[in-house]
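A.B. asks:
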Amino acid sequence: MPREPPDAVGEEGNKKVWRSSLLICLSELFERVAYYGILANMAQRYHDQPNISWVFMAVAYILTFIGGWLADIFNRFWIILTSLFIYMVGTDLLFMSSHLGGQSPDDSVSGLYVVGLTLVAIGTGGSKSNLGLFGAQQYKTSDGEVKIKLRNFFHWYYLSINVGGTIAVLGVASLYNFYPLDPVYGNVVILVSVVLSSIVFVLGRIGNFYDPQQDSTRELLRRNAAGLFHNGTSRQQGAPQQSRAKTLKLMLIFATLIPYYAIYSQTQTTYPLQSDRLRMPYGWDGIYMSAINSVTILLMIPFMVIIVYPRLTAKGVKLAPMTLMGVGILLSVLSVLAAAIVEAVLTAELTVFVQVPQLVLSGISEVLTLTTGYYFAYTEAPPGRKGTIMGAYLLVWGLGSAVSLGLRGLVDAICVAMCGSAACVPADLNKGQAEWYFIALAVLLLATFVSVYSYMECQYRSEDTVQIQEEDN
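Using full-length UniProt numbering, the first residue of the sequence shown is number 1, and each one after it goes up by one.
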């Protein structure tokens, strides 16, 4: 039986680690083509029902916590492979739905389509929380440069995510645009992408690029569980109790990021809807504007990895992960405020390119917050709980989508109560005042950052300093 890779790989296996990392990034790239292709389909096919996208994103990312937890208990390789199989079944149902039903005249959502989306969400939950973690586990933890290698890996991993997203936006979305009454073509690309993701991932096992040794994850989890449910007095319980405390602390930090992900979800939901109401060049589609966000990320990641980080390291400048994430949070606030300004002055004559600032700010924010968050979740997770912690980190992405949906309902209710008019964020944004929704998102994130996140960052940094001093003594 194939076994899970350990956190330790010898220096002689550098080429092997590089190949395994490449295959994992390629697998993630193909999976993201499918995922963002599905979102593009929903944005165009069900443009009057944006709640479908919100719910799908929320469920998919909420299930990542379960996927990470299961991989900590069982074998990570097989959890990923099983999830990709479920993913394939789901995309097959989406294909069948489009082939049998085509585009419904009333934009109704068929039962087969809903079942397919549900299976895709389950498949995303199992694969998303484990693919990046599986790649990171190929690196040797005792290596003095492992933190730099892991940081770079997660940046290239996130780059592959956005390459997939760009292909989906420019490729799959174009198929839906050229064949609006026949979504079969786009769904074929989505199905093939998931199949390729599975094949590439399995090739790593067949070629022995993944390290086959088994770590002590299951045993560590068993001890941690004992510490969670039993309050004994033996010394052996000290480690599980510390592990539990650190796990809870990390989850609290992740919880402060929920408002950030509420804004992040707008790049796939309200931002494209805003694009559709602006003046666009001939043959242009609003969904193409999302590519600006991805292109920004594709340019920023090599710039940070090849130029910025090495120069900072050479000068002895060390930026804590939470500090980088904090800068990204502030840029996200600026992004949604830029969207609010566009919404407030929006007219039919306003060019769609006024969205460029909000999309560029969002892209830079993702590089600083999301990629650093991957690295932070992996390196800070207690042994035996890395999948659970990574799942918790991704869980807040889904909770962010849920919060954005709840906040939208709250803002709508306030608009109706105070003004007696229509909702601020109706299905047709032309009939609302979505700028108040964007402002509410900005206020929520900024308030969380000032009151909670900044405090937890200082506290976490102080604890790290104390720990280093104790190790030196």
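From the three backbone atoms N, C-alpha and C, an ideal C-beta is built for every residue, glycine too.
Can you look up Arg385 in the DSSP assignment and give me helix, strand or coil?
C.D. replies: For the purposes of this step, residue 385 is identified with residue 385 of the sequence shown, where counting begins at 1. If DSSP states are grouped into helix, strand and coil, Arg385 belongs with coil.
A.B. asks: Looking at Leu395: is its Cβ nearer than 8 Å to the Cβ of Tyr158?
C.D. replies: Counting from one through the sequence shown, the residue named residue 395 turns up at place 395. Counting from one through the sequence shown, the residue named residue 158 turns up at place 158. No.
A.B. asks: For Asn253, which residues from the same chain have a beta carbon less than 6 Å from its beta carbon, with the 5 sequence-adjacent residues on both sides left out?
C.D. replies: Taking the first residue of the sequence shown as 1, we reach residue 253 at position 253. Here the sequence assigns Ile to residue 253, which means Asn is not the residue at that position. Excluding positions up to five away in sequence, the list reads Met456.
A.B. asks: Give the straight-line distance between the Cα atoms of Leu331 and Leu370, rounded to the nearest whole angstrom.
C.D. replies: Translated into the one-based positions of the sequence shown, residue 331 becomes position 331. Translated into the one-based positions of the sequence shown, residue 370 becomes position 370. Whole-angstrom Cα-Cα distance: 13 Å.
A.B. asks: What number of angstroms, rounded off, separates the C-alpha of Gly90 from the C-alpha of Leu119?
C.D. replies: On the sequence shown, position 90 is the one that residue 90 refers to. On the sequence shown, position 119 is the one that residue 119 refers to. Their backbone Cα atoms lie some 5 Å apart in a straight line.
A.B. asks: Less than 8 Å between the beta carbons of Asn130 and Ile80, yes or no?
C.D. replies: One-based indexing of the sequence shown puts residue 130 at position 130. One-based indexing of the sequence shown puts residue 80 at position 80. Yes, they are a contact pair.
A.B. asks: Taking Cβ to Cβ, would you say Gln268 is nearer than 8 Å to Ser290?
C.D. replies: Stepping through the sequence shown from its first residue, residue 268 is reached at position 268. Stepping through the sequence shown from its first residue, residue 290 is reached at position 290. In contact: Gln268 and Ser290 (Cβ atoms closer than 8 Å).
A.B. asks: Hey, how far is the Cα of Trp284 from the Cα of Ser275?
C.D. replies: Counted from its first residue, the sequence shown places residue 284 at position 284. Counted from its first residue, the sequence shown places residue 275 at position 275. So the two alpha carbons sit approximately 10 Å from each other.
A.B. asks: On the CB-based measure, 16 or more other CB atoms within 10 Å of its CB, does Gln242 come out buried or exposed?
C.D. replies: Translated into positions along the sequence shown, residue 242 becomes position 242. Classification of Gln242: exposed, given that the 10 Å Cβ count is below 16.
A.B. asks: Mind checking whether Thr166 and Val295 have CB atoms under 8 Å apart?
C.D. replies: Here the question's residue 166 lines up with position 166 in the sequence shown. Here the question's residue 295 lines up with position 295 in the sequence shown. Yes; because the gap between Cβ atoms is below 8 Å, this pair is in contact.
A.B. asks: Which residues in the same chain as Leu334 place their Cβ atom closer than 7 Å to its Cβ, once the five residues preceding and following it in sequence are excluded?
C.D. replies: The residue given as residue 334 occupies position 334 in the sequence shown. Here the set comprises Leu361.
A.B. asks: Check whether the Cβ atoms of Trp69 and Gly387 sit closer than 8 Å, and answer yes or no.
C.D. replies: As a first step, residue 69 must be located in the sequence shown, where it is residue number 69. As a first step, residue 387 must be located in the sequence shown, where it is residue number 387. Closer than 8 Å, so yes.
A.B. asks: When the Cα of Val356 is compared with those of Glu380, Leu278, Val308, Ala392, which residue comes out closest?
C.D. replies: Taking the first residue of the sequence shown as position 1, residue 356 is located at position 356. Measuring from the Cα of Val356, the nearest candidate turns out to be Leu278.
A.B. asks: Can you tell me where the alpha helix (DSSP H) holding Ile439 begins and where it ends?
C.D. replies: The count along the sequence shown starts at 1 and reaches residue 439 at position 439. That run of the alpha helix (DSSP H) goes 435 to 448.
A.B. asks: Are the beta-carbon atoms belonging to Val59 and Ala121 less than 8 Å from one another?
C.D. replies: For the purposes of this step, residue 59 is taken as the residue at position 59 of the sequence shown. For the purposes of this step, residue 121 is taken as the residue at position 121 of the sequence shown. Yes, these two residues count as a Cβ contact at 8 Å.
A.B. asks: Is Met88 near Val194, with beta carbons less than 8 Å apart?
C.D. replies: The residue given as residue 88 occupies position 88 in the sequence shown. The residue given as residue 194 occupies position 194 in the sequence shown. Taking 8 Å as the Cβ cut-off, Met88 and Val194 qualify as a contacting pair.
A.B. asks: Compute the Euclidean distance between the alpha carbons of Asn162 and Pro302, then round it to the nearest angstrom.
C.D. replies: Position 162 of the sequence shown, counted from the first residue, corresponds to residue 162. Position 302 of the sequence shown, counted from the first residue, corresponds to residue 302. Cα-Cα distance, rounded: 13 Å.
A.B. asks: With a threshold of 7 Å, establish whether the CB of Gly111 neighbours any heavy atom of the ligand GTP.
C.D. replies: Annotation note on the ligand GTP: not contained in the displayed structure, which lists no ligands.
A.B. asks: With a Cβ-Cβ cutoff of 8 Å, do Val172 and Ile190 count as a contact?
C.D. replies: Taking the sequence shown and counting its residues from 1, the one referred to as residue 172 is at position 172. Taking the sequence shown and counting its residues from 1, the one referred to as residue 190 is at position 190. For Val172 and Ile190, yes; Cβs fall inside 8 Å.
A.B. asks: Would you grab the beta carbon distance between Leu23 and Leu203 for me? Rounded to a whole angstrom, and I think it's under 8 Å.
C.D. replies: By 1-based counting over the sequence shown, the position of residue 23 is 23. By 1-based counting over the sequence shown, the position of residue 203 is 203. Leu23 to Leu203, Cβ: 6 Å. Contact.
A.B. asks: Are the C-beta atoms of Leu394 and some chain B residue less than 8 Å apart?
C.D. replies: No chain B appears in the structure shown, which is made up of a single protein chain.
A.B. asks: With distance defined between alpha-carbon atoms, name the residue in Ser454, Ala442, Leu346 nearest to Gly432.
C.D. replies: Walking along the sequence shown from the start, residue 432 turns up at place 432. Per the Cα distances, Leu346.
A.B. asks: On the CB-based measure, 16 or more other CB atoms within 10 Å of its CB, does Gly207 come out buried or exposed?
C.D. replies: Your numbering for residue 207 matches position 207 in the sequence shown. It counts as exposed.
A.B. asks: Return the chain-ordered list of same chain residues with a C-beta closer than 6 Å to the C-beta of Leu94, the five sequence neighbours on each side being excluded.
C.D. replies: Along the sequence shown, one-based indexing puts residue 94 at 94. So the qualifying residues of the chain are Gly116, Asn187.
A.B. asks: My guess is that Leu250 and Ile439 are in contact by the Cβ rule of under 8 Å, so how many angstroms apart are they, rounded?
C.D. replies: Within the sequence shown, numbered from 1, the residue matching residue 250 stands at position 250. Within the sequence shown, numbered from 1, the residue matching residue 439 stands at position 439. Going by Cβ atoms, the distance from Leu250 to Ile439 rounds to 31 Å, so no, they are not a contact pair.
A.B. asks: What residue from Lys246, Ala320, Ile329 has the CA that sits closest to Ala262's CA?
C.D. replies: On the sequence shown, residue 262 is found 262 positions in, with the first residue counted as 1. Closest by alpha carbon: Ile329.
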